[in-house]
Amino acid sequence: MKAVTKLGLYALVVLASASLSGCLSLKLKQLEINQLNSELSQLETSKAYLDTHPKLDQDYGAEVFISASAFNRFLAGMDNYPIPIPEVSGASVKIVSTRLSFTDGAPSVVIDAVGAYPKYALQIKLRIRAELDIAADPNNQQLVIGFRVKEVLPDIKLSIFRWHEFWFAMAILKLEAQQYVNSLPQVTVPLAPAFAINLQQHNTSRSQTCCGYIDIMVSLPSPINLQYSYQVLKAITLQDGLHVFFSLKRV
Amino acid sequence: MNIAKSGISSALAILVPTILGCASQLDKKILALKQQVAVEQQGLSQSAGPYYAVQGKDFELEAGKTPVFDVLNTFNNTSRIIGVQSVGTAGWFAEFWTDCPIPLIDGKIGIYFKLAFPAAVQAVLYADPMTPSWTAGNGIDFPFNAVGGGGALAIGGAEFCFGSADITPIPVLAGFGSLNNHGRVDLAPVPDQGIQYEVDLDHKPVIILGAYAFGWWAGWPLTVDNPITQGTINNIVGKNGTVQITKIGEARNYSLNFNFDLANYVDGGLLVAGPIVITWQ
Chain U
1 MKAVTKLGLY
11 ALVVLASASL
21 SGCLSLKLKQ
31 LEINQLNSEL
41 SQLETSKAYL
51 DTHPKLDQDY
61 GAEVFISASA
71 FNRFLAGMDN
81 YPIPIPEVSG
91 ASVKIVSTRL
101 SFTDGAPSVV
111 IDAVGAYPKY
121 ALQIKLRIRA
131 ELDIAADPNN
141 QQLVIGFRVK
151 EVLPDIKLSI
161 FRWHEFWFAM
171 AILKLEAQQY
181 VNSLPQVTVP
191 LAPAFAINLQ
201 QHNTSRSQTC
211 CGYIDIMVSL
221 PSPINLQYSY
231 QVLKAITLQD
241 GLHVFFSLKR
251 V
Chain A
252 MNIAKSGISS
262 ALAILVPTIL
272 GCASQLDKKI
282 LALKQQVAVE
292 QQGLSQSAGP
302 YYAVQGKDFE
312 LEAGKTPVFD
322 VLNTFNNTSR
332 IIGVQSVGTA
342 GWFAEFWTDC
352 PIPLIDGKIG
362 IYFKLAFPAA
372 VQAVLYADPM
382 TPSWTAGNGI
392 DFPFNAVGGG
402 GALAIGGAEF
412 CFGSADITPI
422 PVLAGFGSLN
432 NHGRVDLAPV
442 PDQGIQYEVD
452 LDHKPVIILG
462 AYAFGWWAGW
472 PLTVDNPITQ
482 GTINNIVGKN
492 GTVQITKIGE
502 ARNYSLNFNF
512 DLANYVDGGL
522 LVAGPIVITW
532 Q
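Heads up: the sequence lines are chains U and A, in that order. Heads up, the first sequence is in this note's numbering, so the first residue is 1 and it goes up one at a time. Heads up, the second sequence is in this note's numbering, so the first residue is 252 and it goes up one at a time.
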C-alpha cells in the first residue's frame, strides 16, 4: 500500500511538471500570436495613414525623422538596469538591453532580459512582449517614447526536479506585466516651444571699390517673424526609423 | 498498484493530446498570422516609398512650403520699400590719376572721390510684389523688379606726387535699379539651429553714383552684394532630454547635437538633415 502511495505521488509530480511545462509552452505561443496581432493592427493603421496623407500635403505640415540607429543609441543609455521583484527577496529582473528592430510597420521591441536570483545562483532568460508608445506632451514640450509591457514569460523548459528554478519561474509568471510598465526606459525627446521662421530686417554686405570699400545696408520695411505652434498628428515606424508628423498653426 | 498505473495512464492520455492538439492549432494560427503580416508589410512598404529618409542621416526635419510663402506674402503686403544706405567706408570709391611727372618721385597725380561720412549714401528702392515658383531641388525662384533713387555726399580731393588733400564736398545723385532680375532663396544648414536661408539675386543690383565735379559729369557704379536679406527656420526638436526609468527614479540626461549637413528643397517643402551626436551627462 505504501509503495502504491509513493508511486502515486511521483506520478502526480510528473503530471504536474508535464502540465506546467506544456502550459508554459502554450503561453509562449500565445505570446507570439498576441505579438503578431498587434503588429498586424499597427501595419494596417500605418498604411491607412500614409495612403490618405500624401507627404507634406497639408498647408502647414512638418515631419521629424529619427533614425533606427540614433534611436537605439538613446536606449543604450539605460542598459543593464535591474528591476527588483518584490515578491522574492533578493531577486530581480535585469533588463540587459532594449533595442528596436525597425521594419515597415511595428518595430520589434527586442528586450534582452534575465531573471536573476543570486541566492541559488539562478539566471532565467525571459521573453518580454512590449509595444512602443509615442505620445506628445505639449505642456512639457517633449515627445515621450515609452514601452508598454504586455507579457513577461520565462523562456525555459521547466522541470519539477530543479525545484528552485521551477519555483522562481512560477514567481515570475505570477508577476503582472503592469509591474514592469514603468520600469523600462522612457525616452523624452525635447521639442522647441514653437516652429519659427524669420527674415532679418537689415542685412549688410561689403562692396569693394577701386581703392577701398563701402558697406551697404539693405533694410526691409520691418522685420518678419512668423511663429507656428504645432501638434503631433501621428508617429509611424518604418524600416529606417521613427517618423513623427506634425501640423503647424500660425500664431 | 494497477489502479495507480491506470490513473496515470488515463490522465496522460487526456493531457498530452490536449496540449499537443492545442499547440498544433496555435502553430497553424502563428503561421497564418505571419503570412498576413508579410502581405501587409509589402503593402505598407509601397505606400511608405516617399517617406523614407535620406540614407545615412540620423535626423531629418521637413516643413511644408507654406510658411516660406507666408514670409514672401508678408513682404508683399508691406510697403515693399527697401532702404539702402552706406554704413561704413574706407579708402576711395573712384579716382583718376597718372604717374607723377617728376623724375625719381614714385607717386601719382590725380583726383579722387570718397564718401563724406559712413552714412553718406541714402537711397530707397521700390520692389514689385514677389510671385514665387517652387521646384524641388532648385527651390524658390521669383522675378525681381525694383527701381529707386537717392543721394549721397562725397568729397573730392587731389593727390600730387607727395601727398593728398580733400578739396570740396560734392553732392551726388544715387540711381538704383534692378529690372528684369531674378531672385532665389538659397538654403544652408546651420548645425544645432536649423535652416538658414538667403534671398539672393541673379544679378547684383547696381547703385549709380552720379555727380558734377571739377568741370565734368561722372558716374560710378556701386554693386550691392548678395544676400539681399537672410533668415532662419528653427529646428522643432530641442537639445536636452532624458532616458528614464521612472519606477526606480533613475534617469540619465542627454544633450543632442544636430550636425546638420544637408538643407534642400523637396517636392512638398524644405528639408534639413544630418547626424546626431548624443552626449550623456
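Quick reminder that beta carbons are idealized off the backbone N, C-alpha and C, glycines included. Since the structure is predicted, the reported quantities are computational estimates derived from the model, not experimental observations.
- With a cutoff of 7 angstroms on beta-carbon distance, D518/A and A397/A are scored as not near each other.
- Interface annotation, K234/U: not in contact with chain A, CB-CB separation never under 7 angstroms.
- Close to Q200/U, with beta-carbon spacing below 8 angstroms, are these residues of chain A in chain order: T480, Q481 and G482.
- When DSSP reads this structure, W468/A sits in a beta bridge with Y463/A.
- Where D321/A is concerned, the enclosing alpha helix (DSSP H) starts and stops at T317 to N327.
- In this model, G77/U and Q292/A are separated by some 30 angstroms (Cα to Cα).
- Using a CB distance cut-off of 7 angstroms, S67/U counts as an interface residue toward chain A.
- With respect to chain U, the C-beta atom of R503/A has a partner C-beta closer than 7 angstroms.
- Distances from the CA of F413/A to each of N389/A, A367/A, G461/A and D357/A were compared; the closest alpha carbon is that of D357/A.
- At the C-beta level, G390/A and V335/A stay beyond 7 angstroms of one another.
- Against W531/A, the close residues of chain U are G77, in the order they occur along the chain (beta-carbon pairs closer than 9 angstroms).
- Neighbours of K29/U in chain A, taken as residues at a C-beta separation under 8 angstroms, are given in chain order as A274, L277, D278 and I281.
- Per DSSP, F347/A lies in no alpha helix (DSSP H) segment; the continuous beta strand (DSSP E) that holds it begins and ends at A345 to D350.
- K455/A carries a coil assignment under DSSP once its states are collapsed to helix, strand and coil.
- For R331/A, the closest of L233/U, L248/U, Q239/U and S222/U by C-alpha to C-alpha distance is S222/U.
- For K55/U, the three-state secondary structure derived from DSSP is coil.
- Within a 10 Å sphere around the beta-carbon of S101/U sit fewer than 16 other beta-carbons, which makes this residue exposed.
- Pairing R148/U with I236/U, the inter-Cα distance amounts to about 16 angstroms.
- In summary, the residues of the segment 36-55 of chain U whose CB is separated from some CB of chain A by less than 8 angstroms are L36, N37, E39, L40, L43, E44, S46, K47, L50, D51, P54 and K55, in the order they occur in the chain.
- Counting only runs of 3 or more residues that sit fully inside the segment 359-438 of chain A, the beta strand (DSSP E) segments are 359-366, 373-378, 384-386 and 390-411, in chain order.
- What N203/U touches in chain A, judged by beta-carbon distance under 8 angstroms, is P478, I479, T480 and Q481, going in chain order.
- At least 7 angstroms separates the beta-carbon of S429/A from that of V372/A.
- V475/A is the residue among W467/A, P354/A, V475/A and I281/A whose C-alpha sits nearest the C-alpha of Q208/U.
- In this structure, the straight-line span from the alpha carbon of V290/A to that of T103/U is close to 13 angstroms.
- The Cβ-Cβ distance between D79/U and S67/U does not fall below 7 angstroms.
- Within chain U, not a single residue places a beta-carbon under 7 angstroms from that of I418/A; the smallest gap is close to 17 angstroms.
- With contacts defined as CB atoms closer than 7 angstroms, W343/A and K359/A fail to qualify as a contacting pair.
- The beta-carbon of L430/A is placed no less than 7 angstroms from the nearest beta-carbon of chain U.
- The beta-carbon of P301/A is placed less than 7 angstroms from the nearest beta-carbon of chain U.
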